[in-house]
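Numbering (our numbering), first residue to last: 5 to 233.
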């Protein structure tokens, strides 16, 4: 399987209240179609690392590449374009626009990308909602959906541009067990069937143990990389 993401000696400092090294030379590769979980205690640097991997934080030392393209040193505009086309994001809080329908929330990143006509975008959005079993709620306003439903719409939105990598920051952090399992099953299917790469930061060890590989972090370093038994 091809390597899709390569992090090489990533070092990150926080400067407030005083200079502090939060990531201490983190290196690893991720394969296409792999479902990877990053775990560790609060404050170990896992969310900081995810923001660097997502290209949203560019203030770090070391090098990061995705799909063979070195992203370190690119401009904010170049990175924004790259993100919209190649990366999808699912956060602990779904960040849906409450006044818009589920369908419109899913369509927005594709309309911004400008690759397809509005009709094509709508058709694609309905397909993605179907994938997460939310197509029957397409015309409901986001504010009228339950937490679990909103998170599934957020996954559909992350999928709209067919990203190579989907990154999740505590994607099940606000969900009960039933909805956590639904989100897990969607991610597993995307990795296995669509060969999309999933990288999630999680505190949920049941979730992590179902993924293909776990990176455990401690004090800004990789403590262990293992395949769950």
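Backbone N, C-alpha and C define an ideal beta-carbon position, used for all residues, glycine too.
For residue 104, there is no enclosing alpha helix (DSSP H), as DSSP gives it neither H nor E. When the Cα atoms are used, residue 8 and residue 67 turn out to be separated by approximately 14 angstroms. Three or more beta-carbon pairs separated by less than 8 angstroms link the stretch 142 to 152 to the stretch 171 to 191, which places the two stretches in contact. For residue 17, the enclosing beta strand (DSSP E) starts and ends at 7 to 18. Residue 158 is positioned such that its CB atom lies no closer than 8 angstroms to that of residue 64. In this structure residue 87 is buried. Its beta-carbon is surrounded by 16 or more other beta-carbon atoms within 10 angstroms. CA-CA distance, residue 113 to residue 231, rounds to 34 angstroms. Judged by beta-carbon spacing, residue 205 lies beyond the 8 angstroms limit of residue 91, meaning their Cβ atoms are not closer than that value.
A residue is called buried once 16 or more other Cβ atoms fall within 10 Å of its Cβ, and residue 109 is buried on that count. DSSP, reduced to helix, strand and coil, places residue 194 within a helical segment of the structure shown. Between the C-alpha atoms of residue 222 and residue 41 there is a straight-line separation of about 14 angstroms. The Cβ atoms of residue 101 and residue 146 lie closer than 8 angstroms to each other. C-alpha of residue 50 to C-alpha of residue 44: approximately 7 angstroms in a straight line. Residue state for residue 56 is assigned as helix, using DSSP reduced to three classes.
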